[in-house]
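Read left to right, the sequence shown gives residues 48 to 143 (the numbering used here). Glycine included, every Cβ here is placed at the ideal spot set by N, Cα and C. Fair warning: this is a prediction, and the values are worked out from it, not measured in the lab. The block underneath contains the structure these notes are about, expressed in C-alpha coordinates.
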Amino acid sequence: MPGVLVRKPEGAFYMCIRLPVDDANAFAEYLLSDFALAGETVMLAPADGFYATPGLGRDEARLAYVLEEPKLRRALACLAAALVAYPGKVAGAAKG
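Here it is in C-alpha coordinates:
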(Lines of atoms letter the chains of each structure in order from A and count residues from 1; the text may use other names and numbers.)
(Lines give C-alpha, C1' and ligand atoms only; values in the text may rest on other atoms or scores of the structure.)
Protein backbone atom coordinates (compact mmCIF):
# COMPACT_ATOMS: atom_id res chain seq x y z
CA MET A 1 0.00 0.00 0.00
CA PRO A 2 1.40 3.41 -0.84
CA GLY A 3 2.86 5.14 2.20
CA VAL A 4 2.50 2.19 4.60
CA LEU A 5 5.67 0.93 6.29
CA VAL A 6 5.79 -2.44 8.06
CA ARG A 7 8.53 -4.43 9.76
CA LYS A 8 8.40 -8.21 9.50
CA PRO A 9 6.89 -9.61 12.72
CA GLU A 10 9.17 -11.76 14.85
CA GLY A 11 6.82 -14.26 16.49
CA ALA A 12 4.03 -11.93 17.62
CA PHE A 13 0.40 -12.09 16.48
CA TYR A 14 0.31 -8.37 15.84
CA MET A 15 2.35 -5.76 14.01
CA CYS A 16 2.79 -2.03 14.22
CA ILE A 17 2.52 -0.19 10.93
CA ARG A 18 3.31 3.40 9.99
CA LEU A 19 0.44 4.97 8.08
CA PRO A 20 0.42 7.96 5.72
CA VAL A 21 -2.05 9.80 7.97
CA ASP A 22 -1.83 12.89 10.14
CA ASP A 23 -3.24 11.17 13.25
CA ALA A 24 -3.83 7.43 13.73
CA ASN A 25 -6.41 8.11 16.45
CA ALA A 26 -8.50 10.20 14.04
CA PHE A 27 -8.02 7.57 11.31
CA ALA A 28 -9.23 4.80 13.66
CA GLU A 29 -12.34 6.85 14.45
CA TYR A 30 -12.89 7.46 10.72
CA LEU A 31 -12.72 3.72 10.02
CA LEU A 32 -15.37 2.95 12.64
CA SER A 33 -17.75 5.84 12.02
CA ASP A 34 -17.40 7.00 8.41
CA PHE A 35 -15.92 4.26 6.23
CA ALA A 36 -17.04 0.89 4.91
CA LEU A 37 -16.08 -1.24 1.93
CA ALA A 38 -18.79 -3.71 0.92
CA GLY A 39 -20.34 -3.23 4.35
CA GLU A 40 -17.11 -3.97 6.25
CA THR A 41 -14.42 -1.91 7.95
CA VAL A 42 -11.22 -2.47 9.91
CA MET A 43 -10.58 -1.78 13.58
CA LEU A 44 -7.05 -0.94 14.64
CA ALA A 45 -5.34 0.34 17.77
CA PRO A 46 -3.51 3.66 17.47
CA ALA A 47 0.08 3.03 18.56
CA ASP A 48 0.83 6.28 20.40
CA GLY A 49 -0.35 4.68 23.65
CA PHE A 50 2.41 2.08 23.36
CA TYR A 51 5.16 4.73 23.54
CA ALA A 52 6.46 6.49 26.65
CA THR A 53 7.71 9.48 24.64
CA PRO A 54 4.95 11.98 23.77
CA GLY A 55 4.42 12.35 20.03
CA LEU A 56 5.89 8.99 19.03
CA GLY A 57 3.53 6.61 17.29
CA ARG A 58 1.12 9.36 16.24
CA ASP A 59 1.12 8.00 12.67
CA GLU A 60 1.28 4.32 13.65
CA ALA A 61 -1.28 1.63 14.40
CA ARG A 62 -1.19 -1.85 15.86
CA LEU A 63 -2.93 -4.60 13.90
CA ALA A 64 -3.64 -8.14 15.05
CA TYR A 65 -3.54 -10.90 12.46
CA VAL A 66 -5.23 -13.81 14.16
CA LEU A 67 -7.93 -14.46 11.55
CA GLU A 68 -7.98 -16.72 8.54
CA GLU A 69 -6.07 -15.59 5.45
CA PRO A 70 -9.20 -14.76 3.36
CA LYS A 71 -10.42 -12.43 6.12
CA LEU A 72 -7.00 -10.83 6.39
CA ARG A 73 -6.94 -10.20 2.64
CA ARG A 74 -10.37 -8.51 2.86
CA ALA A 75 -9.16 -6.43 5.81
CA LEU A 76 -6.09 -5.27 3.87
CA ALA A 77 -8.23 -4.36 0.86
CA CYS A 78 -10.49 -2.38 3.19
CA LEU A 79 -7.51 -0.64 4.81
CA ALA A 80 -6.06 0.26 1.41
CA ALA A 81 -9.39 1.73 0.23
CA ALA A 82 -9.79 3.67 3.49
CA LEU A 83 -6.33 5.20 3.11
CA VAL A 84 -7.24 6.40 -0.38
CA ALA A 85 -10.51 7.94 0.84
CA TYR A 86 -9.27 9.37 4.16
CA PRO A 87 -9.18 13.19 4.18
CA GLY A 88 -6.32 13.38 6.73
CA LYS A 89 -3.61 11.89 4.52
CA VAL A 90 -0.06 13.15 4.83
CA ALA A 91 0.93 15.11 1.73
CA GLY A 92 3.74 13.51 -0.25
CA ALA A 93 3.74 10.25 1.77
CA ALA A 94 6.45 7.79 0.77
CA LYS A 95 5.51 4.86 -1.41
CA GLY A 96 5.30 1.63 0.59
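Smallest Cα separation from residue i: which of the options?
{"i": "residue 71", "options": "117, 104, 131", "result": "104"}
{"i": "residue 119", "options": "100, 101, 89", "result": "89"}
{"i": "residue 106", "options": "130, 58, 81, 57", "result": "130"}
{"i": "residue 68", "options": "81, 80, 55, 50", "result": "50"}
{"i": "residue 109", "options": "77, 86, 64", "result": "64"}
{"i": "residue 137", "options": "73, 82, 86", "result": "73"}
Looking at residue j and residue i, is the spacing between their C-beta atoms short of 8 Å?
{"i": "residue 214", "j": "residue 60", "result": "Any property of residue 214 remains undetermined from this structure, which presents the chain solely from 48 to 143."}
{"i": "residue 84", "j": "residue 124", "result": "yes"}
{"i": "residue 35", "j": "residue 48", "result": "With the chain covering 48 to 143 only, the question about residue 35 has no answer from this structure."}
Please report whether the beta-carbon of residue i lies at a distance below 8 Å from any beta-carbon of chain C.
{"i": "residue 97", "result": "Among the chains of the structure shown, chain C does not appear; only one protein chain is present."}
Along the chain, where does the beta strand (DSSP E) that runs through residue i open and close?
{"i": "residue 110", "result": "107 to 111"}
{"i": "residue 120", "result": "From DSSP, residue 120 is part of no beta strand (DSSP E) but of the alpha helix (DSSP H) over 116 to 132."}
{"i": "residue 61", "result": "61 to 65"}
Exposed or buried, what is residue i when buried is set at 16 or more other beta-carbons lying within 10 Å of its beta-carbon?
{"i": "residue 142", "result": "Confidence in residue 142 is poor, its pLDDT being 44 and thus under 50, which makes the residue's placement too unreliable to answer from."}
{"i": "residue 97", "result": "exposed"}
{"i": "residue 135", "result": "exposed"}
{"i": "residue 53", "result": "exposed"}
What first and last residue would you give for the alpha helix (DSSP H) that runs through residue i?
{"i": "residue 77", "result": "71 to 80"}
Taking 7 Å as the cut-off, is the CB of residue i close to at least one heavy atom of the ligand PLP?
{"i": "residue 97", "result": "The ligand content of the structure shown is nil, which means the ligand PLP is not present either."}
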